[in-house]
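In order, the protein sequences belong to chains A and B. If you count by full-length UniProt numbering, then the first sequence holds residues 1 to 209, one letter each, in order. If you count by full-length UniProt numbering, then the second sequence holds residues 1 to 209, one letter each, in order. Have a look at the structure below, then the notes.
Number of protein chains: 2
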Amino acid sequence: MARRNDHSREELKELALTAGEQLIDEEGIHALSARKIAQRIGYSAGALYLVFTNLDDLCWHINGRTMAMLNTLLSAQIEQEKVNRPPQEALRLIAKTYLNFSAEWPNRWALMFEHHTPESIICPDWLIHAVNQLFGFVQAPLRQLAPNVNDESLQLAVRTLWCGVHGIAALSSRGKLFLEGDQTDALIDNLLTHYLTNWIQESTNEQFV
Amino acid sequence: MARRNDHSREELKELALTAGEQLIDEEGIHALSARKIAQRIGYSAGALYLVFTNLDDLCWHINGRTMAMLNTLLSAQIEQEKVNRPPQEALRLIAKTYLNFSAEWPNRWALMFEHHTPESIICPDWLIHAVNQLFGFVQAPLRQLAPNVNDESLQLAVRTLWCGVHGIAALSSRGKLFLEGDQTDALIDNLLTHYLTNWIQESTNEQFV
DNA sequence: TGACTTATTAAACGCTGTTCATTATATTTA
DNA sequence: TAAATATAATGAACAGCGTTTAATAAGTCA
């Protein structure tokens with residue numbers, strides 16, 4: 001067969017990505033295969049290579065969409081809850097949104113962190129951009145909490161907190177490695193409370209030194 | 001060929017695991033394959049199935065050895081530095097040892113977290129045991145810092161800190177996602193200092209409430 | 001209607017994990 | 001020593017994988 005033109009290139013791309021995401025959601029990241037995606041969208045496996053350079057490329061695209069999802073979710077929530085919420089609450093909200101996201105989409109979330117392109121791991125521009133946007137969400141409330149803190153300290157705090165929350169998500173996502181019941185919220189609260197209390201204290205003192 | 005008896009079953013197992021680890025170290029976790037391991041040890045691929053149920057099983061064994069390595073490393077360091085080191089320093093040492101380990105063996109470390117057995121992810125007993133041992137390393141200095149804190153709070157603190165350090169290791173290991181230069185040590189110090197300062201304060205107050 | 005163009009495929013290649021009948025060797029028995 | 005037995009290990013097979021590309025069916029135009 002040839003020349004069906006049922007779908008444009010862009011539509012084909014969209015179909016493939018959606019099918020890939022469904023496959024990942026339903027069967028896990030190791031179930032992702034060119035032939036399975038193709039079967040789901042009624043094309044041959046070779047057709048995928050008309051719109052993606054390879055399966056790696058397709059994964060990067062899925063990751064881009066996952067990242068966009070997360071960003072959209074976070075900015076929507078932040079926008080919505082902006083009504084003079086104390087910054088600590090804003091940070092808590094961000095952390096829990098991230099955690100919920102990782103729990104709701106465990107496989108897509110896993111793909112983001114477990115899909116290493118084999119050779120040199122070149123970080124695409126859009127990813128750097130998206131990560132910076134995520135950091136921005138955390139940075140704003142932190143700055144409110146300590147308006148005069150220097151940029152370096154602020155940057156460090158953003159990353160420390162992000163790593164902390166990510167670690168909670170990572171270890172609780174797959175591993176039933178510890179704690180009975182879902183105590184992830186308690187972990188988040190614990191981390192934020194203790195870290196922030198001292199960080200605010202130190203950061204507001206700092207300016208008078 | 002048959003019946004060479006060059007190696008006992010136990011020796012064959014050991015050979016295969018070592019070859020697998022080397023392969024992972026040199027070429028990454030996706031390069032691991034039965035045929036490649038077999039070639040390295042001068043056996044056929046089928047021979048591996050005489051000592052492992054499948055490649056998944058082999059991975060679990062490698063992960064077990066990696067975990068043992070980490071545990072040995074930590075307990076050796078803790079033993080060595082025991083001479084009245086302040087507990088904060090002990091915690092810092094543990095964190096940095098963990099981080100160094102993940103940097104020194106990035107691929108074996110990745111295998112531990114990225115090797116999900118497809119179907120039900122059953123956590124083997126030895127892993128639960130090993131993880132508890134790791135938690136024990138953190139728990140001891142924490143208890144020194146707040147001798148009268150209740151068990152639940154202590155357990156929570158152990159896990160919060162572990163997740164935090166793990167998050168730093170995870171995000172800095174692959175991702176050049178942020179920060180120029182190796183600022184992982186700064187992140188560790190930042191996390192521990194702020195978290196612990198307030199945690200100690202709260203935990204010592206707690207007993208008088 | 002016939003020539004041209006092109007979207008899509010089917011088959012091929014070399015790889016993968018895994019199984020199992022076959023085989024070559026070691027050991028035991030006669 | 002020779003024959004019988006037991007078994008360590010293999011090699012071929014199967015189904016599936018990512019990827020490439022010659023072949024083909026269908027749309028377009030003269």
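Don't be surprised by glycine CBs; every beta carbon is placed ideally from N, CA and C. It should be emphasised that the depicted structure is a prediction, and the values quoted were computed from it without experimental measurement.
Less than 8 Å separates the beta-carbon of residue 174 of chain A from that of residue 116 of chain B. Between the region 31-44 of chain A and the region 69-76 of chain A, the count of C-beta pairs closer than 8 Å stays below three; the two stretches do not touch. Judged by DSSP secondary structure, residue 60 of chain A falls within the alpha helix (DSSP H) whose first and last residues are 55-80. At a beta-carbon threshold of 7 Å, the residues of chain A lying near residue 164 of chain B are 163, 164, 167, 191, ordered along the chain.
Shortest Cα-Cα distance from residue 68 of chain A to any of A:127, A:162, A:205 involves A:127. Within chain B, no C-beta atom comes less than 7 Å from the C-beta of residue 150 of chain A; the nearest is roughly 14 Å away. Closer than 8 Å to the CB of residue 16 of chain B there is not a single CB belonging to chain A. Apart from sequence neighbours up to five positions away, the residues of its chain that approach residue 7 of chain B with a beta-carbon distance below 8 Å are 15, ordered along the chain. Residue 20 of chain A: member of the alpha helix (DSSP H) spanning 9-27, first to last residue. The count of Cβ pairs closer than 8 Å, one atom from the region 77-97 of chain B and one from the region 121-141 of chain B, reaches three, so the stretches are in contact.
With respect to the 8 Å criterion, residue 184 of chain B and residue 191 of chain A are not classified as neighbours on the basis of their beta carbons.
One thing to note: residue 29 of chain B has its Cβ within 8 Å of the Cβ of residue 111 of chain B.
Short of 8 Å from the beta carbon of residue 143 of chain B, and not among the five residues preceding or following it, lie these beta carbons of its own chain, in chain order: 149, 154.
Under the 8 Å criterion on CB atoms, residue 174 of chain B is classed as interfacial with respect to chain A. Proximity of residue 116 of chain B to chain A, defined by a Cβ-Cβ separation below 8 Å, is satisfied. The three-state reading of DSSP puts residue 44 of chain B in coil, since its state is none of H, G, I, E or B. Closest by C-alpha distance to residue 62 of chain B, out of B:32, B:166, B:194, B:98, is B:32. The region 88-118 of chain A is shown to contain whole alpha helix (DSSP H) runs of 4 or more residues at 106-114, in chain order. For residue 160 of chain A, a Cβ of chain B is located within less than 8 Å of the residue's own Cβ. With respect to chain A, the C-beta atom of residue 129 of chain B has no partner C-beta closer than 8 Å. Nearest to residue 45 of chain B by alpha-carbon distance, out of B:60, B:19, B:90, is B:19. A distance below 7 Å between beta-carbons, with the five flanking residues on each side excluded, links residue 60 of chain A to the following residues of its chain, in chain order: 124.
By the CB criterion at 8 Å, residue 197 of chain A and residue 84 of chain B fall outside the cutoff.
Taking all protein chains shown into account, residue 81 of chain B has fewer than 16 neighbouring C-beta atoms within 10 Å of its C-beta and is therefore exposed.
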